[in-house]
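Here's the structure, in structure tokens; my notes come after.
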Amino acid sequence: MIEENAETVLEEIGIDFRDDPEALAILKDKGCDIKGERVHFPRGLARSLCKTAPSSFTQYARNPARNVEIGGKNTVFAPVYGPPFVRDLNGERRYAEIEDFNNFVKLVYMLPGLHHSGGTVCEPVDLL
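No gaps in the numbering here: position 66 of the sequence shown is 66 in my numbering, and each next residue is one more.
Here it is, written out as structure tokens:
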């Protein structure tokens with residue numbers, strides 16, 4: 001049901017590919033209806049394109065010893081991505097700050113059971 005509804009959204013509403021003329025040209029060649037930067041996918045196209053994705057890929061690190069193979073039979077551990085809130089040492093829930101972000105990145109780096117930080121480990125709100 002979710003996949004069917006996703007195909008309906010892709011077909012009827014579409015997705016904007018902003019400032020990406022190369023993607024628009026590729027998708028037009030694949031049979032998509034292009035209106036400005038909005039792309040409408042014919043039913044089944046997204047599924048067929050997903051089938052062309054590799055079963056695994058390497059996420060390269062600056063230090064090759066820390067490269068991570070994602071997919072296949074590999075299990076990759078990373079922290080949650082982008083929560084706006086954190087809990088402090090007193091258990092109080094509050095908005096994340098840049099100091100929290102820095103501390104989480106350092107913590108993840110030091111934990112041997114995690115393969116990478118995952119990117120945005122929290123969303124700091126104290127940035128200008």
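Beta carbons are placed, not taken as given, at the ideal position from N, Cα and C, and that holds for glycine.
Selection from the options that minimises the alpha carbon distance to residue i
i	options	result
PHE60	HIS115, MET1, THR120	Note that residue 60 is Tyr in the sequence shown, not Phe. Nearest option by C-alpha distance: HIS115.
PRO83	THR75, GLY72, ILE98	ILE98
LEU107	CYS122, CYS50, TYR95, GLU37	CYS122
ARG18	ASN103, GLU37, ASN5	GLU37
ILE13	ILE2, ALA23, LYS35	LYS35
PHE41	SER56, THR58, ALA23	ALA23
MET110	ILE26, LYS73, ARG66, LEU127	ARG66
SER56	PRO64, ASP16, LYS73	LYS73
PRO112	VAL76, PRO124, LEU10, LEU127	VAL76
LEU10	GLY91, ASP33, ASN90	ASP33
Residue span of the beta strand (DSSP E) that contains residue i, given as start and end
i	result
ASP100	Here ASP100 belongs to no beta strand (DSSP E); instead the alpha helix (DSSP H) covers 98 to 110.
ILE70	68 to 71
ARG18	Element bounds for ARG18: n/a, residue is neither H nor E.
PHE85	85 to 87
ARG94	93 to 95
Anticipated Cβ contact below 8 Å, residue i with residue j, distance rounded
i	j	result
GLY119	TYR81	6 Å
ARG93	PHE104	Wrong, their Cβ atoms sit about 16 Å apart, outside the cutoff.
PRO79	SER117	7 Å
ASP100	PRO124	7 Å
GLU7	ALA46	7 Å
Unbroken alpha helix (DSSP H) run spanning residue i, endpoints
i	result
VAL9	2 to 12
Status (buried if at least 16 other CB within 10 Å, exposed otherwise) for residue i
i	result
VAL39	buried
ALA53	exposed
ALA96	buried
CYS50	exposed
LEU127	exposed
Unbroken stretches of the beta strand (DSSP E), 3 residues or longer, contained in the region 29 to 57: You should have 33 to 35, 38 to 40.
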